[in-house]
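Engineer: Numbering (this note's numbering), first residue to last: 424 to 656. Where a beta carbon is used, it is the ideal one built from N, C-alpha and C, also for glycine. Remember, predicted model here, so these are calculated numbers, not experimental data. Just passing along the structure, written as structure tokens.
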Amino acid sequence: MADVDPSKYFAGQTTISNLLLAHYREIGMTNDELILYLLIKQNDDILVPMPDPQVIGSQTGFSEKKIFDLFHSMIEKKLAKISNMNDGNQTIDAYDFSDMYEKLLKLVTEMESTKKAVQATHVDMPSLTDRQRVFSAIEEEFGRTLSGYEIETINDWLGIDNYEPDFILLALKEAVLSQVYNLKYMDRIMLSWNKENLKTAQQVQNKRSKRKQGTDDGNIGKYQGPEIPFIDL
């Protein structure tokens, strides 16, 4: 068998930041947007010449409208902006992804700061698997991709409010039962639980069981606080 010349079969390599691969969903980037970015970036991470949509379409099977919609979506979410760059002796249009990497750096920095603060208080930090479980469950129930703002809200629940994943998922189930598919409703549910000093899904379940059995601190039928939604886990 003749020796194979690798140069005939490989046209270079495209590298990608491991941080971006690990956290692209958390900065608001969808799977399709990540694929689009990977196809056009090649050796340029920040400033990328505007591609030919027909070429991208032949590579992905996306329509030109979908390709433009994806770029527009990234611009709206401040993951990209339109700029220009010098290409030899001429100036050409380009996509600038510097804001995307700034958001990524901000996210990672905040996660590291939160992790240190959590370690100082000996509170367990949600793992990446738990985070993805929350994101995936909410997207599945809402039937759509989360917006950048919604992703930031969920990150705040996990990293700042220190809500445990199951606590958030319990609020999600309550929202779904009420057929209200938004994070504001979930937030109100969790705030109402917090007013009753309920911090975990288990505490919510225990409270529900006590009320059902009529043994809630001996105050049978005397509760006058805000309505607290409860469901079975």
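Unbroken alpha helix (DSSP H) runs of length 4 or more, entirely within the segment 566–632: which are they?
Structural biologist: As far as the segment 566–632 is concerned, its whole alpha helix (DSSP H) runs of at least 4 residues are 571–582, 588–600, 606–618.
Engineer: Looking at the secondary structure, which residues open and close the alpha helix (DSSP H) in which K464 lies?
Structural biologist: 454–464 is the extent of the alpha helix (DSSP H) around K464.
Engineer: N441 by DSSP, collapsed to three states: which one?
Structural biologist: Helix at N441.
Engineer: With DSSP as the reference, please indicate the residues paired to N507 in a beta bridge.
Structural biologist: DSSP, once it has assigned bridges, lists D516 as partnering N507.
Engineer: Does DSSP put P474 in a helix, in a strand, or in coil?
Structural biologist: Coil.
Engineer: Pick helix, strand or coil for F485, following the three-state DSSP scheme.
Structural biologist: If DSSP states are grouped into helix, strand and coil, F485 belongs with coil.
Engineer: Give the DSSP-derived three-state secondary structure of D553 in the structure shown.
Structural biologist: It is helical.
Engineer: Please report how far the alpha carbon of Q436 lies from the alpha carbon of T623, in whole angstroms.
Structural biologist: Those two C-alpha atoms are separated by around 47 Å.
Engineer: What do you get for V419, buried or exposed, if any count of 16 or more other CB atoms within 10 angstroms of its CB means buried?
Structural biologist: With the chain covering 424 to 656 only, the question about residue 419 has no answer from this structure.
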